[in-house]
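Heads up: the sequence lines are chains R and W, in that order. If you're matching positions, the first sequence starts at 652 in the working numbering and goes up one per residue. If you're matching positions, the second sequence starts at 16 in the working numbering and goes up one per residue.
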Amino acid sequence: MSIGRRLLGFNLLTATLLGIGGWYVGWFAAHGVVGPSIDYFGDIDYNELSIFMAYVCGVLGFLIGLGFLNYPFARLRGYPPSLREKETGGIGRYFGLCTDHKVVGIQYLIGIGIFFFIGGLNAMLIRVELLRPDHQVWPAGTYLTVVGIHGTMMMGMFTSGILGPFGNYLIPILIGARRMAFPRIEALTFWLLMAGGVILETTIFFGGFPTGWTGYAPLNIQANAGMDCYILFFALVGISMTLLGLNMIATIVTMRAPGLTWTRLPIFVWGVLSTSALMVLAAPVLIATLLMGMLDRTAQTSFFIPAAGGSAYLYQNLFWFFGHPEVYVLALPGFAIVLELLPVFARKPLWGYRLAVAGLMGVSLLSFFVWQHHLFVSGINSDLRPFYMLSTELISIPTGFTFICGMMTLWRGQIRYTVPMLFCLAWFFNFLIGGLTGVYLSDAPSDVTTHGSFFSMAHFHYTIMGGLVFTFFAAIYYWVPKMTGFQLDERLGKIHFWSMFILFNSTFFPLFIAGFLGQPRRVVTYPHNLQFLNDWVSVSAFLLGGSMLVFLYNFVKSLVFDRVPAPADPWGSKSIEWQLPSPVPVHNFDRIPVFSSDPYGYGEPQTVPAVAPAGAPAGRD
Amino acid sequence: MASATTTAAGQPNHAKRVIVAWIVLSVVATPLVAIFLGPALPPGHASQQAGEQVAANTVMTSLVTPVICLLLVFFLYALKQFRAARGGALVDGPPLRNQNTIQVLWIVLTSATVLFLAGYGTYELLQNGSGGGQGPNPIAVPSGTKLQVQVIAQQWEFTYRYPSYGGLETSQLVLPENTEIELHVTSLDAIHSFWAYELGIKADANPGNDNIAFLKTKGPDTFHVRCAELCGLWHGYMFSNGRVVSASQFAAWVQQQQQLFASVERYMPPYANRYFPDPQRRAG
Chain R
652 MSIGRRLLGF NLLTATLLGI GGWYVGWFAA HGVVGPSIDY FGDIDYNELS
702 IFMAYVCGVL GFLIGLGFLN YPFARLRGYP PSLREKETGG IGRYFGLCTD
752 HKVVGIQYLI GIGIFFFIGG LNAMLIRVEL LRPDHQVWPA GTYLTVVGIH
802 GTMMMGMFTS GILGPFGNYL IPILIGARRM AFPRIEALTF WLLMAGGVIL
852 ETTIFFGGFP TGWTGYAPLN IQANAGMDCY ILFFALVGIS MTLLGLNMIA
902 TIVTMRAPGL TWTRLPIFVW GVLSTSALMV LAAPVLIATL LMGMLDRTAQ
952 TSFFIPAAGG SAYLYQNLFW FFGHPEVYVL ALPGFAIVLE LLPVFARKPL
1002 WGYRLAVAGL MGVSLLSFFV WQHHLFVSGI NSDLRPFYML STELISIPTG
1052 FTFICGMMTL WRGQIRYTVP MLFCLAWFFN FLIGGLTGVY LSDAPSDVTT
1102 HGSFFSMAHF HYTIMGGLVF TFFAAIYYWV PKMTGFQLDE RLGKIHFWSM
1152 FILFNSTFFP LFIAGFLGQP RRVVTYPHNL QFLNDWVSVS AFLLGGSMLV
1202 FLYNFVKSLV FDRVPAPADP WGSKSIEWQL PSPVPVHNFD RIPVFSSDPY
1252 GYGEPQTVPA VAPAGAPAGR D
Chain W
16 MASATTTAAG QPNHAKRVIV AWIVLSVVAT PLVAIFLGPA LPPGHASQQA
66 GEQVAANTVM TSLVTPVICL LLVFFLYALK QFRAARGGAL VDGPPLRNQN
116 TIQVLWIVLT SATVLFLAGY GTYELLQNGS GGGQGPNPIA VPSGTKLQVQ
166 VIAQQWEFTY RYPSYGGLET SQLVLPENTE IELHVTSLDA IHSFWAYELG
216 IKADANPGND NIAFLKTKGP DTFHVRCAEL CGLWHGYMFS NGRVVSASQF
266 AAWVQQQQQL FASVERYMPP YANRYFPDPQ RRAG
């Protein structure tokens, strides 16, 4: 194929061009239909409908350009089903629609990584502003937009932070399958997320948005056109989450290899399953909520406008019905990765397998019954506060299961302090602080002090950054040698770990004190007596950003320049992915494996890793 | 815990060591935390509700101290004691897959702690609402006569109306000492949150809603008021301060404010639980 034909095909370049073209088509079409200016408040500035139409058409053009319609059209014309996209394209597979779950996993890792760094840079901008109590580095509106982009980017993108890269890459391998249940939907979830990320960034061209990641009504009805980008971003994330969750559940339930019973599943698969259940049940509520907000902004409905008969509480209820399961969507994969990695580096079986599963599933179930603890002081329903206090505190019981299973797995083990293990051990420290400070917030009398202050902000950074991001890095250091076939530098990894661990705590622990002393969240100015604390935090945050650069240097140096080939099983793990060559071949298994035990048979000579039985036919998809 | 404590001959009894160290550390640390850290916890004692929150925070902190001690002792011990020999071949640990005693003990202990916390929190809450906003139909109402004060939030300031003084509206919150206060928090536009930090009051201001919080003031004091819910462009600047004064000073202040208010009274809407200003405009 010539270069010219290759560039003209269905790839990221075509998709970008069609996306931009679609954007303008939608923009002018909507202007032609309704003309400028309709909104509830009667202002003439933007035609909100044209912005929505522009982005919707832009996303459709982008997906067509990637080739998402090729397969349905081919089927309509009578061609047989195939997964041709899986095999063709060489390095170009990474820049377009590919149905190989391993390619999608790596696409996710890089894509989410890029947006993680953008979100992190936004955090730096926030901390620049907070160096001085009253001096304005950014105008107040810019500051709120930066806060909003940081929060929304992290909360939206990182819902798939583990399930996207590691779930997609590993789940088929761990359950002995050759692909996901719906490979094209798998690719779609990734490209929707990337389109969403770009849309969120374009909010700066429309004046930003002042609401933070929660987007409370009626402020979101009142806000600038930049709010539309927030709504579209989160709606796309919601669609992506729902599809990703459905795909994971279908794969895990239907495609397990022979012998892989429910009690032999690696605990990471259970973690993915519990997270997927949350995604499927919670994300559609978000999509519906945002659709209602969009109608309020464009079509003069008043779901959330109290003065016109709507209710601002409705938005808070709907949002947190999604929002609280969502924070467990972020936390649960972290639990699972810790429990998956500890047996490998303590050389012991996972202690209390059933209790660990009960913990993951228990958190997953309970998280749907706690959302009104975000509304303890909102005056929404004072009778229900004791119930939500109880249900919130009950969550610490299944969370405790994860702790005891992890701790007892370490007990009398042969612990090796590799980089992934260090990140897992740090999880215990961080999540202990994050979890115990959550107890203050779950107690309604204590919550009156801490609600909406930097205390709660520090709390969820401890659980999400300390819980999720640390395990995200554990997973990177652990599985990237398998995914790429190249080793990461161990010494740089240790420098990254120790600097990140110390600076993370140095950044976020003082924020508990700032919150206790009365600093509210998302403020552009604060009392002078808190300047020392805030300066300390800002300097730590900048250094924490520097620690991320150590990781970036290590990643690029090891994978692009050094390229030291990784052995098939560098960690001595008994799990199935390490029995395959690094990187894993396109069709994963020559023969479908047969499982006779779970992958934690350390110290048990009678349990053997899954092996391919002789004589089984080498099948294809 | 039988199987955990059973170790090979010559091995030290690890479980006993950890448990003894934990108990000793907890017994020492918990009273120290309660006695020395407790009084320093926010939000102080400027009102009855604030004092209750200090008590709640002290109970929480005393309760989490033994938990922190347990994990600290466990990890310091385990990570040092069970370290694999450096550079040697991979050696497997003992294949302990489960110990029912430990599971049951752990579940019972965590459940008991959680149920105690929920019970204690509910008891505290039902006394008088602990200063939190309870909505239009509060369930925890302190007895006795109360001075009604309305807090009106708008982008981006708080104003206050005193219905018992003819709907007088002021820009500073002044309260009499040793009095039961009934705060009615409402908003004219977006969602705000009325946070009087030292008084231990936090109540969201929702448009179209009357959010009631109770407060019993103590001696003369000053306090800070901040908005604790992101409400648009100048959210960061939505703060002011207020005073708790003696009864005679309060009467004098009311008289002075009434004179100021008289000139604008005819432009003000009559006192109501909630207001719907018109026209609604975009802002921020």
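Don't be surprised by glycine CBs; every beta carbon is placed ideally from N, CA and C.
Report task. Specify, as a first and last residue, the run of the beta strand (DSSP E) that Cys242(W) falls within. Result -> Here the beta strand (DSSP E) through Cys242(W) covers Asp236 to Cys242.
Requested in this report: Drop a sphere of 10 angstroms on the beta-carbon of Thr912(R), count the other beta-carbons inside from all chains shown, and report buried for 16 or more, exposed for fewer.
Outcome: exposed
Query - Ile689(R) - DSSP class collapsed to helix/strand/coil - result: Its pLDDT being 49, under 50, Ile689(R) is placed unreliably by the model, and nothing is read from it.
**Report entry** Contact under 9 Å by Cβ, Leu993(R) with Thr1060(R)
**Finding:** yes
Requested in this report: Consider the Cβ of Glu172(W): report whether some Cβ of chain R lies at a distance smaller than 9 Å.
Outcome: no
Report task. Could you name the residues of chain R that Cys246(W) contacts, counting a contact when the two beta carbons are closer than 8 Å? Result -> Contact annotation for Cys246(W) against chain R: Leu870 [CB-CB distance below 8 Å, chain order].
Query raised in the report: Cβ of Thr1114(R) within 9 Å of Cβ of Phe1106(R)?
Result: no
**Report entry** Where the alpha helix (DSSP H) containing Arg32(W) begins and where it ends
**Finding:** His29 to Leu47
**Report entry** Residue range of the unbroken beta strand (DSSP E) whose run includes Ile196(W)
**Finding:** Glu195 to Ser202
Query raised in the report: Does any residue of chain W bring its CB to less than 9 Å from the CB of Pro861(R)?
Result: yes
Query - C-beta contact flag for Gly827(R) and Val888(R) at 9 Å - result: no
**Report entry** Where Gly147(W) falls: helix, strand or coil (DSSP)
**Finding:** Of the three classes helix, strand and coil, the one that applies to Gly147(W) here is strand, per DSSP.
Query raised in the report: If you measure from the beta carbon of Thr865(R) to each beta carbon in chain W, is any gap under 9 Å?
Result: Cβ-Cβ to chain W under 9 Å: yes for Thr865(R).
Query raised in the report: Secondary structure at Phe209(W), three-state DSSP: helix, strand or coil?
Result: strand
Query raised in the report: Got a sec: is the Cβ-Cβ distance from Gly1223(R) to anything in chain W below 9 Å?
Result: yes
Query raised in the report: When you compare each of Ser77(W), Val166(W), Ala211(W) and Glu172(W) to Asp225(W) by their alpha carbons, which one comes out closest?
Result: Val166(W)
Query raised in the report: What is the C-beta distance between Phe1019(R) and Leu941(R), in whole angstroms, given that I count them as a contact (C-beta under 8 Å)?
Result: Incorrect: roughly 19 Å between the Cβ atoms, too far for contact.
Query raised in the report: Counting along the chain, where does the beta strand (DSSP E) carrying Pro228(W) start and finish?
Result: Pro is not the amino acid found at residue 228(W); the sequence shown has Ala there. Segment Asn226 to Lys231, the beta strand (DSSP E) holding Ala228(W).
Query - Counterpart residues of Ile216(W) in DSSP-defined beta bridges - result: Ala211(W)
Query raised in the report: Just reading off the beta strand (DSSP E) that Ile167(W) is part of, what are its end residues?
Result: Leu162 to Gln169
Report task. Give the residues from the segment 1102-1122 of chain R that approach chain W closer than 8 Å (Cβ to any Cβ), ordered along the chain. Result -> His1102, Gly1103 and Ser1104
Query - CA-to-CA distance, Val260(W) to Leu190(W), given in whole angstroms - result: Rounded to whole angstroms, Leu190(W) and Val260(W) show a C-alpha spacing of 6 Å.
Query raised in the report: If you measure beta-carbon to beta-carbon, which residues of the segment 150-166 of chain W are closer than 9 Å to chain R?
Result: Gly150, Pro151, Asn152, Pro153, Ile154 and Ala155
Query - 9 Å Cβ cutoff, Glu1044(R) in contact with chain W - result: Output row for Glu1044(R): interface = yes.
Query - Coil, strand or helix - Val288(W) by DSSP - result: Before going further, note that residue 288(W) is Asn rather than Val in the sequence given. Asn288(W) falls in the coil class under three-state DSSP.
Query raised in the report: Name the DSSP bridge partner or partners of Ala256(W)?
Result: Reading off the sequence shown, one finds Asn at residue 256(W), where the question assumed Ala. BP columns for Asn256(W) point to His239(W).
Report task. Just confirm the distance between the C-beta atoms of Gly148(W) and Lys231(W), as a whole number of angstroms; I'd bet it's less than 8 Å. Result -> Not really, about 16 Å apart at Cβ, beyond 8 Å.
**Report entry** Beta-carbon contacts of Val1021(R) that lie in its chain and below 7 Å, excluding the five residues immediately before and after
**Finding:** Cβ within range, chain order: His975, Tyr1039, Ser1042, Thr1043 and Ile1046.
Query raised in the report: Straight-line CA distance for Tyr138(W) to Asp1098(R)?
Result: 15 Å
Query raised in the report: Apart from the five residues on each side of it in sequence, which residues of its chain come closer than 6 Å, Cβ to Cβ, to Ile671(R)?
Result: none
Query raised in the report: Where does Leu214(W) land, buried or exposed, given buried means 16+ other C-beta within 10 angstroms?
Result: Buried is the label assigned to Leu214(W), since at least 16 other Cβ atoms lie within 10 Å of its Cβ.
Query raised in the report: Which one of Ala950(R), Leu895(R) and Val920(R) has the shortest CA to CA distance from Val931(R)?
Result: Leu895(R)
**Report entry** CB contact flag (Tyr1091(R), Ile1031(R), <9 Å)
**Finding:** Cβ atoms of Tyr1091(R) and Ile1031(R): not closer than 9 Å.
**Report entry** Distance, Leu1154(R) Cα to Gly1144(R) Cα
**Finding:** The alpha-carbon separation between Gly1144(R) and Leu1154(R) amounts to approximately 15 Å.
Report task. Report yes if the C-beta distance between Gly863(R) and Asn875(R) is below 9 Å; otherwise report no. Result -> No, they are not a contact pair.
Report task. Compute the Euclidean distance between the alpha carbons of Val989(R) and Trp1078(R), then round it to the nearest angstrom. Result -> 8 Å
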